[in-house]
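S.K.: Submitted below is the structure of interest, expressed as structure tokens.
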Amino acid sequence: MKLPVSFAASPVAVTDVDGTPLRSGLNYFILPSVSGNGGGVALDRTKTKKCPLSVFQDDYELSKGLSVVFLPVNTKPDLNIEFTAETACDEATVWKVESYDDDVKQWFIGTGGIEGKPGPRTVENWFKIAKFGGNYKIVYCPSVCKSCKVTCKDVGIYEDEDGKKRLALSDDPMIVKFMKAPSH
Numbered sequence: 034m035k036l037p038v039s040f041a042a043s044p045v046a047v048t049d050v051d052g053t054p055l056r057s058g059l060n061y062f063i064l065p066s067v068s069g070n071g072g073g074v075a076l077d078r079t080k081t082k083k084c085p086l087s088v089f090q091d092d093y094e095l096s097k098g099l100s101v102v103f104l105p106v107n108t109k110p111d112l113n114i115e116f117t118a119e120t121a122c123d124e125a126t127v128w129k130v131e132s133y134d135d136d137v138k139q140w141f142i143g144t145g146g147i148e149g150k151p152g153p154r155t156v157e158n159w160f161k162i163a164k165f166g167g168n169y170k171i172v173y174c175p176s177v178c179k180s181c182k183v184t185c186k187d188v189g190i191y192e193d194e195d196g197k198k199r200l201a202l203s204d205d206p207m208i209v210k211f212m213k214a215p216s217h
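Numbering of the sequence shown is given in our numbering, commencing with residue 34 and proceeding in unit increments.
Written out as structure tokens, the structure reads:
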């Protein structure tokens with residue numbers, strides 16, 4: 034039996050823009066909570082690699098981006114975030130923290146992560162949703178591996194040399210809200 038997220042381990046339910054608790058495995062858009070800051074999150078290539086794809090914020094404010102699923106959903110436990118769109122890349126579209134980029138001194142959010150399987154080999158694939166005022170932020174601070182040393186940071190925006198907004202670990206979080214998306 035699959036319980037709604039609000040009945041899961043954490044007493045704090047993460048809700049969408051309609052006030053409905055998010056459910057694990059359903060499709061949602063991740064949108065900025067403040068208008069004028071671009072659109073939803075999406076996938077794109079970078080100048081230096083075609084695959085796996087990186088996670089960006091769409092420049093076009095009216096764009097909802099691409100839908101994701103959260104596995105599972107609450108404001109306490111670790112979760113995986115996975116785009117539901119098919120891509121030309123062979124890798125999974127599960128979010129992960131990429132290797133440190135020495136050129137720009139950033140930890141970017143990319144894809145190619147592994148769903149589930151908590152432990153040291155997947156520690157870069159686990160995120161949390163944290164309440165932030167009346168909205169939320171996404172945080173990288175996995176607790177799936179007690180012996181792993183991780184840098185806990187918010188997921189924010191890094192504007193690259195082309196003006197593209199890449200998701201990266203940051204002290205300045207991207208404040209988000211969630212909107213239910215149509216199922217594929």
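Note that the Cβ used here is the ideal one computed from N, Cα and C, for glycine as well.
The model shown is predicted, which means the values in this text are computed figures rather than measured ones.
1. Measuring straight from C-alpha to C-alpha, what distance separates residue 87 and residue 79?
2. What are the boundary residues of the beta strand (DSSP E) that includes residue 78?
3. Determine the burial state of residue 133: buried for a count of at least 16 other Cβ atoms within 10 Å of its Cβ, exposed for fewer.
4. Just to confirm before moving on: does the CB-CB distance between residue 177 and residue 111 stay below 7 Å?
5. What are the boundary residues of the beta strand (DSSP E) that residue 133 is part of?
6. Going by the beta-carbon positions, is the gap between residue 206 and residue 170 smaller than 7 Å?
7. Along the chain, where does the beta strand (DSSP E) containing residue 96 start, and where does it finish?
8. Measuring CB to CB, does residue 49 end up less than 7 Å from residue 211?
9. CB-CB under 8 Å to residue 76, same chain, minus the five flanking residues each way: which ones, in chain order?
10. Is residue 66 closer than 7 Å to residue 208 when the C-beta atoms are compared?
11. Any beta carbon of chain E sitting closer than 7 Å to that of residue 131?
12. Consult DSSP for residue 154 and reduce its assignment to one of helix, strand or coil.
13. Pick from 92, 146, 149 and 136: whose alpha carbon is nearest that of residue 190?
14. Compute the distance between the beta-carbons of residue 181 and residue 153, then report whether it is under 7 Å.
15. One question on the structure: do residue 64 and residue 71 come within less than 7 Å of each other, judged by their Cβ atoms?
16. Specify the secondary structure class of residue 83 as computed by DSSP and reduced to three states.
M.R.: Considering the structure as presented:
1. Position 54 of the sequence shown, counting from 1, holds the residue named residue 87. Position 46 of the sequence shown, counting from 1, holds the residue named residue 79. Cα-Cα distance, rounded: 7 Å.
2. The residue you call residue 78 lines up with position 45 of the sequence shown. Careful: residue 78 lies outside any beta strand (DSSP E) and carries neither H nor E.
3. Taking the sequence shown and counting its residues from 1, one reaches residue 133 at position 100. Looking at its Cβ environment, which holds fewer than 16 other Cβ atoms inside 10 Å, residue 133 is exposed.
4. Numbered from 1 along the sequence shown, position 144 holds the residue referred to as residue 177. Numbered from 1 along the sequence shown, position 78 holds the residue referred to as residue 111. Yes, the Cβ-Cβ distance between residue 177 and residue 111 is below 7 Å.
5. Working through the sequence shown from its first residue, we reach residue 133 at position 100. From DSSP, residue 133 is part of no beta strand (DSSP E); its letter is neither H nor E.
6. Looking up residue 206 in the sequence shown gives position 173. Looking up residue 170 in the sequence shown gives position 137. Going by C-beta atoms, residue 206 is nearer than 7 Å to residue 170.
7. Working through the sequence shown from its first residue, we reach residue 96 at position 63. Judged by DSSP secondary structure, residue 96 falls outside any beta strand (DSSP E); it is assigned neither H nor E.
8. On the sequence shown, position 16 is the one that residue 49 refers to. On the sequence shown, position 178 is the one that residue 211 refers to. Yes; because the gap between Cβ atoms is below 7 Å, this pair is in contact.
9. As a working mapping, residue 76 is identified with position 43 in the sequence shown. Here the set comprises 86, 87, 88, 89, 99, 116, 118, 120, 126 and 144.
10. One-based indexing of the sequence shown puts residue 208 at position 175. One-based indexing of the sequence shown puts residue 66 at position 33. For residue 208 and residue 66, yes; Cβs fall inside 7 Å.
11. The chain labelled as chain E is not found in the depicted structure, where only one protein chain is given.
12. Start at 1 with the first residue of the sequence shown, and residue 154 comes out as number 121. Helix.
13. Indexing the sequence shown from 1 puts residue 190 at position 157. For the residues 92, 146, 149 and 136, the minimum Cα distance to residue 190 belongs to 92.
14. By one-based count along the sequence shown, residue 181 stands at place 148. By one-based count along the sequence shown, residue 153 stands at place 120. Yes, Cβ-Cβ distance for residue 181 and residue 153 is below 7 Å.
15. Taking the sequence shown and counting its residues from 1, the one referred to as residue 64 is at position 31. Taking the sequence shown and counting its residues from 1, the one referred to as residue 71 is at position 38. Contact: no.
16. Start at 1 with the first residue of the sequence shown, and residue 83 comes out as number 50. Three-state DSSP puts residue 83 in coil, outside helix and strand.
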